[in-house]
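Peer 1:
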Amino acid sequence: KNQVEQSPQSLIILEGKNCTLQCNYTVSPFSNLRWYKQDTGRGPVSLTIMTFSENTKSNGRYTATLDADTKQSSLHITASQLSDSASYICVVITNSYGGSQGNLIFGKGTKLSVKP
Amino acid sequence: NAGVTQTPKFQVLKTGQSMTLQCAQDMNHNSMYWYRQDPGMGLRLIYYSASEGTTDKGEVPNGYNVSRLNKREFSLRLESAAPSQTSVYFCASRIGQHYEQYFGPGTRLTVT
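Just so you know, the sequences run in chain order A and B.
The opening position of the first sequence corresponds to residue 21 in this note's numbering, with each subsequent residue numbered one higher.
The opening position of the second sequence corresponds to residue 35 in this note's numbering, with each subsequent residue numbered one higher.
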């Protein structure tokens, strides 16, 4: 079964510090990988997309990496701000259509808390 | 553009009652989805509609029905609500299978 595992489940950091969130997947065939940010009480919003050929992509203070060989992705947040407090969800999109998962495989998310 | 809208935002039901959650998108997207999100479980797919006129079951379809009314609207119906259906429900849409998925603001449902 296709699966996406995220670690850690939760993380507390001080404002201004950096952090890295991990995503490991066993999804085949792989199409692309997205990181979503979900603020409390809101729907998820896409931060970045990684295709098979991309190793690194940045979106402001967010940098995502992808290692397609080891099937791992990370999301690095630089100089964290209070507004970064949210859940971060890794989603892998497969080229296999249909089935009970559609073609999006969701991780359970990492809950990040940034403290002043 | 309003994006993806959901109504209602909050709902409390008694066990056995029925209700319909409404979802609409104004982005001309082909595919629409219903998810539920429970603590520690992440987002789980209930039903999806890859295109107008088609619907398919997701991981957790029991106790739910859907209607793709037209390209814009995709509703989720609970025929006889159970406490296990207490959750936050998200509707989402996207233009195609490999494109970004846009989520609505969610409906928080409590079944007592």
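Just so you know, even glycine gets a beta-carbon here, dropped at the ideal spot from N, CA and C.
Values in this document were obtained by computation on a predicted structure and should not be read as measured data.
CA-CA distance, THR46 of chain A and GLY36 of chain A?
Peer 2: Reading the first sequence from its first residue, position 26 is the one you call residue 46 of chain A. Reading the first sequence from its first residue, position 16 is the one you call residue 36 of chain A. In a straight line, the C-alpha of THR46 of chain A is about 33 Å away from that of GLY36 of chain A.
Peer 1: At the 7 Å Cβ level, is GLU134 of chain B part of the contact set with chain A, yes or no?
Peer 2: On the second sequence, residue 134 of chain B is found 100 positions in, with the first residue counted as 1. Yes, GLU134 of chain B lies at the interface with chain A (some Cβ there is under 7 Å from its Cβ).
Peer 1: Please list, in chain order, all residues of the same chain as SER133 of chain A whose beta carbon is under 8 Å from its beta carbon, the five residues on each side excluded.
Peer 2: Within the first sequence, residue 133 of chain A is the residue found at index 113, counting from 1. Counting only Cβ-Cβ distances below 8 Å, and skipping sequence neighbours, we find SER30, LEU31, ILE32, ILE33 and SER105.
Peer 1: Closest Cβ-Cβ distance between ASN123 of chain A and chain B: below 7 Å?
Peer 2: Here residue 123 of chain A refers to the residue found at position 103 when the first sequence is read from its first residue. ASN123 of chain A counts as touching chain B.
Peer 1: What are the residues of the stretch 100 to 132 of chain B that lie near chain A, defined by any Cβ-Cβ distance shorter than 8 Å?
Peer 2: Within the stretch 100 to 132 of chain B, the residues whose Cβ lies closer than 8 Å to some Cβ of chain A are PHE124, ALA126, GLN131 and HIS132, listed in chain order.
Peer 1: Contact between the stretch 53 to 60 of chain B and the stretch 82 to 97 of chain B: three or more CB pairs below 8 Å?
Peer 2: No, the stretch 53 to 60 of chain B is not in contact with the stretch 82 to 97 of chain B.
Peer 1: Which residues does DSSP pair with GLU86 of chain B in a beta bridge?
Peer 2: Taking the first residue of the second sequence as position 1, residue 86 of chain B is located at position 52. DSSP, once it has assigned bridges, lists no residue as partnering GLU86 of chain B.
Peer 1: So is THR141 of chain B buried or exposed if we call it buried at 16+ other beta carbons inside 10 Å?
Peer 2: Counting from one through the second sequence, the residue named residue 141 of chain B turns up at place 107. By the neighbour-count rule (16 or more Cβ atoms within 10 Å), THR141 of chain B is buried.
Peer 1: So what does DSSP say about GLN135 of chain B, is it helix, strand or coil?
Peer 2: As a position in the second sequence, residue 135 of chain B is number 101, starting the count at 1. In the structure shown, GLN135 of chain B sits in coil (DSSP, three-state: anything other than H, G, I, E or B).
Peer 1: Secondary structure at GLN101 of chain A, three-state DSSP: helix, strand or coil?
Peer 2: In the first sequence, counting from the first residue as 1, residue 101 of chain A sits at position 81. The answer is coil: DSSP assigns GLN101 of chain A none of H, G, I, E or B.
Peer 1: Taking the alpha-carbon of SER107 of chain A as reference, which of A:LEU86, A:LYS131, A:SER93 and A:SER100 has the nearest alpha-carbon?
Peer 2: Here residue 107 of chain A refers to the residue found at position 87 of the first sequence. That would be A:LYS131, whose Cα lies nearest to the Cα of SER107 of chain A.
Peer 1: Please classify SER101 of chain B: does DSSP put it in a helix, a strand, or coil?
Peer 2: Position 67 of the second sequence, counted from the start, is the residue given in the question as residue 101 of chain B. Of the three classes helix, strand and coil, the one that applies to SER101 of chain B here is strand, per DSSP.
Peer 1: Chain B beta carbons: is any one of them nearer than 7 Å to that of PHE72 of chain A?
Peer 2: For the purposes of this step, residue 72 of chain A is identified with residue 52 of the first sequence, where counting begins at 1. It does not; no Cβ of chain B falls within 7 Å.
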